[in-house]
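Comments concern the structure below.
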Amino acid sequence: MSVRHTLVVACALACATTVTACGGSSEQEAAGLTADDAAFDGLDRAVVEEVLANPDAVGKIEDEASSSAAASMAQGITINFIVCRRVAVDYRTWVTTGGVPTLASLPEPTRPQQPFYGDWQRMHDDLAALYASGDPAQVRGFLTGESSCGHWIPAEPGDVSGPTVEDVVGEIG
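Residues -21 to -1, 1 to 152 in mature numbering (1 follows the signal peptide of the UniProt record, and there is no 0) are what the sequence shown lists, from first letter to last.
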């Protein structure tokens, strides 16, 4: 066997080992979940992929004790990204035009995962009450603060190093 052939084989083995160790695919994964998982059916695939690539989201998903709990958490985080950004757009519209926006319906996955989907149903009802109050400051409270969705969700999809929803809402006033 020539030295060149040996180097080519060694390089091929190293590449194959690296690809296998890294999952062999460019598809993002968290706790064994991929964007093709049934838990995400009916949800915006781009947001699902963003969640599975977000280090904070992946950490939360992988902290779950079981695969069903991880699927529920991942689905809930995906809904969180969607709703939080929609509410931020509504808040901007509300404070700039004075018109009370209509709360968009809750994203509906084909296979709702409990307990987080049930939690989201209750939170969506709470959000509807905040909108009905006629006070945009109440909606702002949903978007800002230590335990808010806006505290950690990127304002721009996929930009984990950029401003959060909370940062952008803070600029609006």
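Heads up, the beta-carbon is just placed ideally off N, CA and C, and yes, glycines get one too.
Which residues in the same chain as residue i place their Cβ atom closer than 7 Å to its Cβ, once the five residues preceding and following it in sequence are excluded?
| i | result |
| --- | --- |
| S4 | Because the pLDDT of S4 is 38, which lies under 50, any placement of that residue in the model is unreliable, and the question is left without a value. |
| L109 | Q117, V118 and F121 |
| F95 | S51, M52, Q54 and G55 |
Would residue i and residue j be called neighbours here (beta carbons separated by less than 8 Å)?
| i | j | result |
| --- | --- | --- |
| D42 | P88 | no |
| residue 163 | S45 | Look at the range of the chain in this structure, -21 to 152, and you will see that residue 163 is not part of it. |
| I132 | T143 | yes |
| A67 | G113 | no |
| G137 | E29 | yes |
| V74 | P115 | yes |
Can you tell me the Cβ-Cβ gap for residue i and residue j, rounded? I've got them flagged as a contact below 8 Å.
| i | j | result |
| --- | --- | --- |
| L12 | A49 | 6 Å |
| L31 | A14 | 6 Å |
| I40 | A9 | 4 Å |
List the DSSP bridge partners of residue i.
| i | result |
| --- | --- |
| P133 | T143 |
Using C-beta distances below 6 Å, list every residue in its chain close to residue i, excluding the 5 sequence neighbours before and after it, in chain order.
| i | result |
| --- | --- |
| residue 167 | A question about residue 167 goes unanswered here, because the residues of the chain that appear run from -21 up to 152. |
Closer than 8 Å by C-beta to residue i: which residues in its own chain qualify, once you throw out the five before and the five after it? Chain order, please.
| i | result |
| --- | --- |
| L22 | Q54, T57, I58, I61, P86 and P88 |
| V26 | T57, F60, I61 and P136 |
Could you give the residue range of the alpha helix (DSSP H) that holds residue i?
| i | result |
| --- | --- |
| T13 | Here T13 belongs to no alpha helix (DSSP H), and DSSP marks it neither H nor E. |
| G38 | P34 to E41 |
| T57 | S46 to T76 |
| V118 | P115 to L122 |
| D98 | F95 to A111 |
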